[in-house]
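**Student:** Let me give you the structure first, and then I'll get to my questions.
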Amino acid sequence: MIRSYSLRIASGGLLTALLLSACTPADPRAETSKALTDGVLLPTYSQWAEADRRLAASAIAYCADNQTTEEAREAFVHAQTAWAGLQPLLIGPMGEGNLAWQVQFWPDKKNLVARQVTALLNTKPELTQADLDGASVVVQGLSAYEYILFDKSIDLGDAAAKQRYCPLLTAIGEHQQQLAAGVLQQWQDKDGVADQLRRFPNERYAEPSEAIAELLRVQVTALDGLKKKLGAPLGRQTKGHPQPYQAEGWRSDTTLANITSAIKGAESLWLGANEDGLRRLLSAEQADLAKRIDAAYAELLQQLAGMNQPFAELLGNDAGRGELDALYKRIDSLHRLHQLELARALGVQIGFNAHDGD
Amino acid sequence: MLRTPIWATASLLAVAISLAGCGEDKTPTNQTAAPQSTTESVPAEQTQKPDEKAAKAVVSHYADLALAVFSDAHSTAVQLQQAIDALLANPSDETLQAARQAWLAARIPYMQTEVFRFGNPVVDEWEGQLNAWPLDEGLIDYVEGDYQHALGNPGANANIIANTELQIGEDKIDTRELTAELLTSLNELAGSEANVATGYHAIEFLLWGQDLNGTGPGAGERPHTDYVVGEGCTGDNCERRRTYLKVATDLLVSDLQEMVEQWQPGAENYRASLEAESGENGLRKMLFGMGSLSLGELAGERMKVALEANSTEDEHDCFSDNTHNSHFFNARGIRNVYLGEYKRVDGSTLTGPSLASLVQGVSPEVDSTLKTDLETTEAKLQVLVESANNGEAFDQLIAADNAEGQEKVRNAIAALVKQTASIEQAAAALGISDLNPDTADHEF
């Protein structure tokens with residue numbers, strides 16, 4: 001593309017042509033990648049880091065009796081939903097190593113969180129930050145934080161219990177704050193992730209189409225993950241028997257709020273902040289697909305907005321399960337629209353992701 | 001390693017030159033870092049669909065491999081059955097050890113069958129009854145110590161061996177007669193995946209018992225006296241335990257026999273339908289099986305979960321501490337499918353038309369990268385095998401304070417991740433764009 005553009009204006013002088021070819025953002029994929037970086041990715045990562053900063057502050061304030069349990073829970077929900085919204089944007093450092101697992105360990109089929117929190121506090125009653133930083137991912141993140149604040153077996157109204165769990169609560173808050181701040185820094189650094197999505201070629205991407213492909217891939221992976229997150233409690237892999245404890249955020253009833261947040265995150269990648277998202281890359285002939293994806297997001301978010309009962313209640317009755325089944329179908333078709341049709345339209349091969357297998 | 005194809009180098013250079021004139025960006029001088037994306041960038045001229053005849057020959061040989069490996073899984077299960085009969089006829093340390101050895105030997109071919117699981121519904125829908133894990137073993141028999149089970153699993157402490165009637169929620173289940181039908185029906189009891197009443201891991205638990213050593217050395221230590229009739233019986237209900245073990249083993253053998261039949265040539269079976277499909281779709285299933293096992297299942301569920309959560313509950317062969325071998329032979333299965341090779345339990349080697357030869361025909365570079373990656377993976381998993389042979393098993397490597405051990409597991413995971421990217425490259429080289437072979441209803 002760059003070369004053909006150079007050829008067309010070669011009469012203007014080779015040097016000028018070469019200069020223009022790099023300075024003019026003629027490639028719509030490069031423009032889209034840049035626009036999404038500045039309009040969607042960076043702001044969302046900043047909001048997440050800010051939510052974790054508030055979480056860390058909340059833990060300290062709560063443990064000094066300067067915040068109520070209600071306020072502490074609110075800070076958790078805020079951090080949890082900010083994290084959920086980041087799921088379709090897990091490009092760069094958050095998609096590598098075990099960082100995402102340090103933020104949240106899901107699914108937790110064998111209730112490892114209860115077991116490991118108990119074991120950790122029994123062996124390290126005077127828990128330090130270093131103890132937590134060297135511990136299992138299960139106790140480092142939001143799942144353990146949620147367990148402490150919401151599990152029915154823990155009565156934080158009891159001063160002794162609060163004293164037992166507070167060192168862990170504050171250590172998790174600090175761990176999350178540092179993790180998020182570190183990741184945001186990697187985005188903002190010169191030649192960092194943001195720059196790699198703005199200017200091509202670079203160490204990560206030889207050309208903008210690779211960046212677009214990766215953005216679509218993380219979005220598709222997140223949509224696929226949502227199917228697991230809703231399908232597991234619905235019992236789709238377990239002969240239709242609902243499994244309420246397999247739901248993400250069952251203790252805090254953030255299951256549906258998380259899904260909403262993740263869908264909005266995916267939609268932001270699709271639309272962009274100023275109509276400059278992935279949607280813009282579709283040609284006029286592909287307008288029908290664009291409309292169908294628009295409609296799929298709109299219907300899904302509309303249904304979610306109307307679901308106000310707690311998730312466990314919905315799961316517990318036929319009408320509620322019917323609604324959740326309908327929600328699952330909508331997420332499934334949105335996922336397919338991206339994985340199959342949008343990927344094909346954009347010429348992107350969707351490879352394997354972590355949700356393959358069982 | 002930069003996965004930039006050669007053709008891109010020219011434009012990279014041009015852009016590098018022109019960027020120098022913009023006055024704001026530094027020319028990238030280091031092009032050696034790996035992009036994290038596993039997005040394909042195989043250029044059009046290197047992508048070529050193999051002709052239908054060649055593709056079909058490869059798929060047909062793939063079915064031969066499946067037949068051979070499932071046949072070996074069956075024959076080694078028959079040997080396990082004989083060893084268990086001997087144990088039951090004369091329970092002793094020797095016969096128990098022999099039965100354990102037979103179980104370990106039976107796992108070698110079985111783990112190599114798993115690459116056929118993803119992509120072939122006939123295998124995927126069948127395998128739960130044989131290899132489901134992790135299980136809440138309290139469903140089957142007595143448990144003690146630090147037994148943790150799935151939250152909300154009403155069958156987690158049902159203890160079928162000790163009880164002739166189970167109360168699961170409001171339902172009563174008659175368990176007086178321990179038959180194959182009964183045990184099969186108890187799988188996923190009340191919808192909990194952790195309720196596993198049949199298969200390799202149920203048998204493993206009955207031969208070894210719980211591994212109560214956590215991340216310390218040692219596997220399960222069930223005494224042979226758990227199978228003694230009358231006086232000397234330990235763990236109570238020895239008669240029912242004997243029946244359970246016998247029934248579960250017989251069922252394993254007959255299940256494997258069923259799968260062998262699905263891959264026989266010239267029959268009305270799954271193989272026939274696979275070979276009736278387009279060659280391209282067959283190749284897609286092969287690649288999908290390789291990639292799904294490599295990344296999501298082996299690197300993810302079976303290694304990364306146990307590693308990052310320091311969780312022995314998520315170790316694959318947790319009662320016997322055979323996890324290193326299970327991982328090794330899972331990966332060997334992936335390699336088998338790519339190379340069209342399988343070393344049978346009798347020592348002979350089956351070879352034939354392979355994916356490797358097709359990929360080599362269109363892109364020798366992609367082929368050689370993938371071959372190297374498969375070798376690297378095997379070498380990294382060999383490290384886990386040697387570690388276990390030297391007394392440090394997988395469940396010790398994943399201990400929170402074992403940085404060196406964790407590194408070994410992490411290296412194996414990294415090799416699997418890299419190999420998966422190369423599998424995607426190979427698929428792209430063959431012009432196979434949609435790696436999900438069944439987009440209708442089945443979830444992978």
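Protein sequence lines, in the order shown, are assigned to chains A and B. Here the first sequence is numbered in UniProt numbering, starting from 1 and rising by one per residue. Here the second sequence is numbered in UniProt numbering, starting from 1 and rising by one per residue. Ideal Cβ placement from N, Cα and C applies to all residues, glycine included.
Closest to B/Gly361 by CA distance: which of B/Ala403, B/Ser311, B/Leu430 is it?
**Tutor:** As a working mapping, residue 361 of chain B is identified with position 361 in the second sequence. Answer by Cα proximity: B/Leu430.
**Student:** Can you tell me where the beta strand (DSSP E) with B/Glu375 in it begins and where it stops?
**Tutor:** In the second sequence, residue 375 of chain B corresponds to position 375, counting from 1. Unbroken run through B/Glu375 is the alpha helix (DSSP H), 364 to 389; no beta strand (DSSP E).
**Student:** In angstroms with no decimal places, state the Cα-to-Cα distance between A/Val103 and A/Ser261.
**Tutor:** Counting from 1 along the first sequence, the entry for residue 103 of chain A is found at position 103. Counting from 1 along the first sequence, the entry for residue 261 of chain A is found at position 261. Whole-angstrom Cα-Cα distance: 16 angstroms.
**Student:** Say whether chain C places a C-beta atom closer than 8 angstroms to the C-beta of A/Gly192.
**Tutor:** Of the protein chains in the structure, A and B, none is chain C.
**Student:** Using the C-alpha atoms, what's the distance from A/Gly182 back to A/Ser21?
**Tutor:** The residue labelled residue 21 of chain A in the question sits at position 21 within the first sequence. The residue labelled residue 182 of chain A in the question sits at position 182 within the first sequence. With a pLDDT of 48 at A/Ser21, under the threshold of 50, the modelled position of that residue is not reliable, and no figure is offered here.
**Student:** Applying the 10 Å Cβ sphere with the 16-neighbour rule, what's the burial state of B/Thr323?
**Tutor:** Position 323 of the second sequence, counted from the start, is the residue given in the question as residue 323 of chain B. It is buried - the Cβ of B/Thr323 has at least 16 other Cβ atoms within 10 Å.
**Student:** Are the segment 106 to 115 of chain A and the segment 148 to 164 of chain B in contact at 8 angstroms, needing three or more beta carbon pairs?
**Tutor:** Yes, they touch.
**Student:** Name the two residues that bound the continuous alpha helix (DSSP H) containing A/Asp276.
**Tutor:** As a first step, residue 276 of chain A is located in the first sequence; it is residue number 276 there, counting from the start. Per DSSP, A/Asp276 belongs to no alpha helix (DSSP H) and is neither H nor E.
**Student:** Is B/Thr76 helix, strand or coil by DSSP?
**Tutor:** As a working mapping, residue 76 of chain B is identified with position 76 in the second sequence. Helix at B/Thr76.
**Student:** Determine, using beta carbons only, whether A/Gly351 comes closer than 8 angstroms to chain B.
**Tutor:** Your numbering for residue 351 of chain A matches position 351 in the first sequence. It does: the Cβ of A/Gly351 has a partner Cβ on chain B nearer than 8 angstroms.
**Student:** Tell me, please, whether the CB atom of B/Asn310 is closer than 8 angstroms to any CB atom in chain A?
**Tutor:** To locate residue 310 of chain B, count along the second sequence from 1; it is residue 310. So yes, B/Asn310 belongs to the interface.
**Student:** Cβ of A/Gly39 within 8 angstroms of Cβ of A/Gly231?
**Tutor:** The residue labelled residue 39 of chain A in the question sits at position 39 within the first sequence. The residue labelled residue 231 of chain A in the question sits at position 231 within the first sequence. Cβ distance not < 8 angstroms, so A/Gly39 and A/Gly231 don't count as in contact.
**Student:** How close, in whole Å, do the beta carbons of A/Ala194 and A/Leu42 come, if the pair is a contact with beta carbons under 8 angstroms?
**Tutor:** By 1-based counting over the first sequence, the position of residue 194 of chain A is 194. By 1-based counting over the first sequence, the position of residue 42 of chain A is 42. Sure, about 6 angstroms apart at Cβ, within 8 angstroms.
**Student:** Any idea which residues DSSP pairs B/Thr349 with across the strands?
**Tutor:** In the second sequence, residue 349 of chain B corresponds to position 349, counting from 1. DSSP lists B/Lys343 as partners of B/Thr349.
**Student:** Kindly list, in the order they appear in chain A, the residues whose Cβ is closer than 9 angstroms to that of B/Pro134.
**Tutor:** Here residue 134 of chain B corresponds to residue number 134 of the second sequence, with the count starting at 1. In chain order: Lys109, Lys110.
**Student:** When you compare the CB of B/His149 with every CB in chain A, is at least one pair closer than 8 angstroms?
**Tutor:** Position 149 of the second sequence, counted from the start, is the residue given in the question as residue 149 of chain B. So, interface residue.
**Student:** Just the chain A side, please: which residues come within less than 8 angstroms of B/Ser192 by C-beta, in chain order?
**Tutor:** Residue numbering aside, residue 192 of chain B sits at position 192 when the second sequence is read from its first letter. Neighbours of B/Ser192 on chain A, chain order: Thr238, His241, Gln243.
**Student:** Measuring only the C-alpha atoms, how far is B/Glu275 from B/Gly352?
**Tutor:** Counted from its first residue, the second sequence places residue 275 of chain B at position 275. Counted from its first residue, the second sequence places residue 352 of chain B at position 352. When rounded, the distance between both Cα atoms is 16 angstroms.
**Student:** Does B/Glu407 come out as helix, strand or coil in the three-state DSSP assignment?
**Tutor:** Start at 1 with the first residue of the second sequence, and residue 407 of chain B comes out as number 407. Helix, per DSSP.
**Student:** Can you name the residues that DSSP bridges to B/Glu165?
**Tutor:** If you number the second sequence from 1, residue 165 of chain B lands on position 165. Paired residues: B/Asp174.
**Student:** Are there 16 or more other CB atoms within 10 angstroms of the CB of B/Ser348, so buried, or fewer, so exposed?
**Tutor:** Sequence index remark: in the second sequence, residue 348 of chain B carries index 348 (1-based). Answer is exposed; the Cβ neighbour count stays below 16.
**Student:** From A/Ala160 to A/Pro93, what does the alpha carbon distance come to, in whole angstroms?
**Tutor:** Residue 160 of chain A sits at position 160 when you count from the first residue of the first sequence. Residue 93 of chain A sits at position 93 when you count from the first residue of the first sequence. Distance between the alpha carbons of A/Ala160 and A/Pro93 is about 39 angstroms.
**Student:** Which residue comes first and which comes last in the alpha helix (DSSP H) that contains B/Thr243?
**Tutor:** Taking the second sequence and counting its residues from 1, the one referred to as residue 243 of chain B is at position 243. Start and end: 238 to 262.
**Student:** Could you list the residues in the segment 371 to 404 of chain B with a C-beta less than 7 angstroms from some C-beta on chain A, going in chain order?
**Tutor:** Against chain A - using a Cβ distance shorter than 7 angstroms - the residues of the segment 371 to 404 of chain B are Ala400.
**Student:** Does the segment 164 to 174 of chain A come into contact with the segment 55 to 63 of chain A, if we say contact requires no fewer than three beta-carbon pairs (one atom in each stretch) closer than 8 angstroms?
**Tutor:** At 8 angstroms Cβ cutoff, the stretches touch.
**Student:** Could you give the distance in angstroms between the alpha-carbon of B/Glu258 and the alpha-carbon of B/Val123?
**Tutor:** The residue given as residue 258 of chain B occupies position 258 in the second sequence. The residue given as residue 123 of chain B occupies position 123 in the second sequence. Going by the C-alpha atoms only, they are around 11 angstroms apart.
**Student:** Closer than 8 angstroms by beta-carbon distance: list the chain A residues that pair up with B/Ser433, in chain order.
**Tutor:** The sequence position of residue 433 of chain B within the second sequence is 433, counting from 1. Going along chain A in sequence order, the residues near B/Ser433 (Cβ under 8 angstroms) are Arg344, Gln349.
**Student:** Contact defined as beta carbons within less than 8 angstroms: I believe B/Gln112 pairs with B/Phe329. What is the distance between those atoms, to the nearest angstrom?
**Tutor:** Along the second sequence, one-based indexing puts residue 112 of chain B at 112. Along the second sequence, one-based indexing puts residue 329 of chain B at 329. Confirmed, Cβ separation roughly 5 angstroms.
**Student:** For A/Gly249 and B/Ala63, what's the separation of their Cα atoms in angstroms?
**Tutor:** On the first sequence, position 249 is the one that residue 249 of chain A refers to. On the second sequence, position 63 is the one that residue 63 of chain B refers to. When rounded, the distance between both Cα atoms is 44 angstroms.
**Student:** Against chain B, does A/Arg115 count as a neighbour if the rule is that its beta carbon must be under 8 angstroms from one of theirs?
**Tutor:** Taking the first residue of the first sequence as position 1, residue 115 of chain A is located at position 115. By this cut-off, A/Arg115 is an interface position.
**Student:** Determine, using beta-carbon pairs with one atom in the segment 188 to 207 of chain B and one in the segment 127 to 136 of chain B, whether at least three such pairs fall under 8 angstroms.
**Tutor:** Touching, yes, given that three or more Cβ pairs across the two stretches are closer than 8 angstroms.
**Student:** Within the continuous alpha helix (DSSP H) that includes B/Ser185, where are the two ends?
**Tutor:** Within the second sequence, the letter at position 185 stands for residue 185 of chain B. Per DSSP, B/Ser185 belongs to the alpha helix (DSSP H) from 180 to 186.
**Student:** Can you give me the start and stop residues for the alpha helix (DSSP H) that B/Met290 sits inside?
**Tutor:** The sequence position of residue 290 of chain B within the second sequence is 290, counting from 1. Unbroken alpha helix (DSSP H) run through B/Met290: 279 to 292.
**Student:** Return the first residue and the last residue of the alpha helix (DSSP H) that A/Cys166 is part of.
**Tutor:** Numbered from 1 along the first sequence, position 166 holds the residue referred to as residue 166 of chain A. Segment 159 to 188, the alpha helix (DSSP H) holding A/Cys166.
**Student:** Is A/Asp133 helix, strand or coil by DSSP?
**Tutor:** As a working mapping, residue 133 of chain A is identified with position 133 in the first sequence. Residue state, collapsed to three classes: helix.
**Student:** Measure the alpha-carbon distance for B/Ser422 versus A/Ala82 and round it to whole angstroms.
**Tutor:** Translated into the one-based positions of the second sequence, residue 422 of chain B becomes position 422. Translated into the one-based positions of the first sequence, residue 82 of chain A becomes position 82. The straight-line gap from Cα to Cα measures roughly 34 angstroms.
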